[in-house]
Amino acid sequence: MSAPHSDPLAHPEVQQGNALRYISGFITTLLLMFAALMLTIRQHLPYVSYAEAVTGLAVLSLVTQATLFFGLDISRAHIWKSLSLLLTIPLFIISVGLTVWMFQSLATRTMLMPAGMLQQPTLLQ
Amino acid sequence: MATQTPPSEGVVLFHPHFAGHDQISARTLGFWLYMLSDALIFAALFAAYGVLNNPMGAAGGPIATQVADPVEGFWQTCAVLGSVATYSLGTVALKSGNKGGVMFSIVLAILLAFIFLGFEAHDLLDLLAKGDGPTRSGFLSAFFVLVATHGLHMLFGIIWMLVMLVQIPLFGFNANVVARLLNLRMFWQFQATIWVILYVYVYMIGAF
Numbered sequence: 013m014s015a016p017h018s019d020p021l022a023h024p025e026v027q028q029g030n031a032l033r034y035i036s037g038f039i040t041t042l043l044l045m046f047a048a049l050m051l052t053i054r055q056h057l058p059y060v061s062y063a064e065a066v067t068g069l070a071v072l073s074l075v076t077q078a079t080l081f082f083g084l085d086i087s088r089a090h091i092w093k094s095l096s097l098l099l100t101i102p103l104f105i106i107s108v109g110l111t112v113w114m115f116q117s118l119a120t121r122t123m124l125m126p127a128g129m130l131q132q133p134t135l136l137q
Numbered sequence: 051m052a053t054q055t056p057p058s059e060g061v062v063l064f065h066p067h068f069a070g071h072d073q074i075s076a077r078t079l080g081f082w083l084y085m086l087s088d089a090l091i092f093a094a095l096f097a098a099y100g101v102l103n104n105p106m107g108a109a110g111g112p113i114a115t116q117v118a119d120p121v122e123g124f125w126q127t128c129a130v131l132g133s134v135a136t137y138s139l140g141t142v143a144l145k146s147g148n149k150g151g152v153m154f155s156i157v158l159a160i161l162l163a164f165i166f167l168g169f170e171a172h173d174l175l176d177l178l179a180k181g182d183g184p185t186r187s188g189f190l191s192a193f194f195v196l197v198a199t200h201g202l203h204m205l206f207g208i209i210w211m212l213v214m215l216v217q218i219p220l221f222g223f224n225a226n227v228v229a230r231l232l233n234l235r236m237f238w239q240f241q242a243t244i245w246v247i248l249y250v251y252v253y254m255i256g257a258f
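Top to bottom, those sequences are chains A and B. Position in the first sequence (first residue = 1) + 12 = the numbering used here. Position in the second sequence (first residue = 1) + 50 = the numbering used here.
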């Protein structure tokens, strides 16, 4: 990571900028989100399959952004950023997933809801 | 009682002449770690939204299907991704020290960010006008806070870009300005990442 240059523009993170990569990232992410939008509008799939498909497209989009926008890889210049991101992703998923799961369990055991409301799909169903 | 094992002989713990992180790399890594902690704020907001996105949380008020339009959200996606791509392309001009190219990209990125914020403000003000503000229900509190928190990040990014538009002609591409431009690139790309999660989680799955 040490740069032997005195010119900040010669820094590896500056020289990492790549027009083709950014344009590819923009187009790929947009196409993936458009595919997810089509699945949402057409409503052909049952809720669980739909949620899985759209989540898959979102994950692909995030991987695209990490590699093409952020330029993350396992090179010496980026290994700490890539590693810290990989370690943060499970925290993010656990925070959201476990919180929703806990309150979902609480709601089904304690809330007196009309039958129709209980059948309403939620983010965990 | 705990004992400490002395380091093995011959193991080099540090070297006085090791350059370590240079100034720019240290600053971008530090800012990257800050952004990851910022992502956990969004995790808390996504969790609150997930908990409250149900008829009980809506308390008789509108639910996600009535407040989040996936088609309009897609136009916002185009605007935010366009803004990020434009700014990122500006940092390609930075490689050759092209001040005009960098500043032109920043101006375009700001315009696209304003389009994004315009959509967002229109949605939230429309809800407020109907009496469906953040105090109407737990669900709407979570929705407003989540969407507005991302919007505030975007607004902060715009202010940061305006500051850079002043600093670039004033100081040129010195080490401080270059580090700030690189951090701003990460910050701006991070907004697109958060928006993609928000769009899929709130405007698509949440409103299906």
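Note that CB positions come from ideal geometry on N, CA and C, so glycine has one too. Note that this is a predicted model, so its numbers are computed, not measured.
Local Cβ density within 10 Å of residue i, reported as buried at 16 or more and exposed below that
| i | result |
| --- | --- |
| Ser-146/B | exposed |
| His-200/B | buried |
| Met-51/B | Note that Met-51/B has pLDDT 49, beneath the 50 cutoff, so the model's placement of it is unreliable and the number below is only indicative. With fewer than 16 Cβ atoms within 10 Å of its Cβ, Met-51/B is classed as exposed. |
| Gly-111/B | buried |
| His-203/B | buried |
| Ser-133/B | buried |
| Phe-81/A | buried |
| Thr-139/A | Lying outside 13 to 137, the shown extent of chain A, residue 139/A is not represented and no answer is given. |
| Ala-85/B | One point to set straight first is that residue 85/B is Met, not Ala, in the sequence displayed. By the 10 Å Cβ count, Met-85/B comes out buried. |
| Glu-25/A | buried |
| Met-13/A | At Met-13/A, the pLDDT of 46 sits below 50, so the modelled position is not reliable and the matter cannot be decided from this model. |
| Glu-64/A | exposed |
| Trp-125/B | exposed |
| Gln-116/B | exposed |
| Ile-106/A | exposed |
| Gln-29/A | The residue you asked about is not Gln; residue 29/A is Gly in the sequence shown. The residue in question, Gly-29/A, is buried, as its Cβ has 16 or more Cβ neighbours within 10 Å. |
| Asp-19/A | exposed |
| Pro-102/A | exposed |
| Val-213/B | exposed |
| Val-121/B | exposed |
| Ala-15/A | Note that Ala-15/A scores 42 on pLDDT, short of 50, meaning its location in the model is unreliable; the coordinates nonetheless yield the value given after this. Ala-15/A is buried by the Cβ-count criterion. |
| Arg-88/A | exposed |
Distance CB(residue i)-CB(residue j) smaller than 7 Å
| i | j | result |
| --- | --- | --- |
| Leu-21/A | Ala-48/A | no |
| Ser-155/B | Thr-136/B | yes |
| Tyr-34/A | Ser-138/B | yes |
| Phe-96/B | Val-75/A | no |
| Val-66/A | Gly-100/B | no |
| Ala-31/A | Val-142/B | yes |
| Ser-5/A | Leu-84/A | Outside the displayed span of chain A (13 to 137) sits residue 5/A, for which this structure offers no information. |
| Gly-168/B | Tyr-253/B | no |
| Ser-187/B | Ala-98/B | no |
| Ala-118/B | Ala-257/B | yes |
| Ala-93/B | Phe-104/A | yes |
| Leu-162/B | Ala-129/B | yes |
| Met-153/B | Leu-220/B | no |
| Thr-41/A | Ser-73/A | yes |
| His-23/A | Ile-218/B | no |
| Phe-38/A | Leu-131/B | yes |
| Leu-175/B | Pro-184/B | no |
Interface partners of residue i on chain A, CB under 7 Å
| i | result |
| --- | --- |
| Tyr-84/B | Going along chain A, no residue has its Cβ under 7 Å from Tyr-84/B, so there is no contact; the nearest lies around 11 Å. |
| Ala-94/B | Ser-107 |
| Val-216/B | Here the premise fails: no neighbours, minimum Cβ distance about 18 Å. |
| Ile-74/B | Pro-20, His-23, Glu-25 |
| Val-101/B | Thr-111, Val-112, Phe-115 |
Proximal chain A residues relative to residue i, where beta-carbon distance stays under 8 Å
| i | result |
| --- | --- |
| Pro-120/B | Leu-49, Thr-52, Ile-53 |
| Gln-239/B | Gln-77, Phe-81, Phe-82 |
| Val-130/B | None at all; the shortest Cβ gap to chain A is about 10 Å. |
| Met-236/B | Phe-82 |
| Phe-124/B | Met-45, Phe-46, Leu-49 |
| Ala-242/B | Thr-41, Gln-77, Phe-81 |
Where residue i meets chain A, residues with beta-carbon distance less than 9 Å
| i | result |
| --- | --- |
| Asn-224/B | Pro-20 |
Beta-carbon neighbours of residue i, restricted to chain B and to distances below 9 Å
| i | result |
| --- | --- |
| Val-60/A | Ordered by position in chain B, no residue passes the 9 Å Cβ test against Val-60/A, which lies about 11 Å from the chain. |
| Ser-96/A | Leu-79, Trp-82, Leu-83, Leu-86 |
| Thr-40/A | Residues of chain B passing the Cβ test: none, with the nearest at roughly 10 Å. |
Neighbour flag for residue i against chain D, beta carbons, 7 Å
| i | result |
| --- | --- |
| Val-197/B | In summary, chain D is missing from the structure at hand, where the protein chains are A and B. |
Contact list for residue i against chain B, beta-carbon separation under 8 Å
| i | result |
| --- | --- |
| Ile-35/A | Ala-135, Leu-139 |
| Leu-103/A | Leu-90, Ala-93 |
| Leu-43/A | Here the premise fails: no neighbours, minimum Cβ distance about 11 Å. |
| Ala-65/A | Within chain B, no residue comes near Ala-65/A; the closest Cβ sits about 10 Å away, beyond 8 Å. |
Chain-ordered chain B contacts of residue i [CB-CB under 7 Å]
| i | result |
| --- | --- |
| Ile-73/A | Strictly speaking, residue 73/A in this sequence is Ser, with Ile absent from that position. Those within 7 Å of Ser-73/A in chain B are Val-246. |
*Does the segment 51-66 of chain A come close enough to the segment 217-227 of chain B that 3 or more CB-CB pairs lie under 8 Å?*
The answer is no - the segment 51-66 of chain A does not touch the segment 217-227 of chain B, with fewer than three Cβ pairs under 8 Å.
_Validate contact between the segment 100-111 of chain B and the segment 208-218 of chain B using beta carbons, cut 8 Å, 3 pairs_ = Under the Cβ criterion (8 Å, minimum of three pairs), the segment 100-111 of chain B does not count as touching the segment 208-218 of chain B.
*Is there contact here, the segment 167-183 of chain B with the segment 80-90 of chain B, by at least three beta-carbon pairs under 8 Å?*
No, they do not touch.
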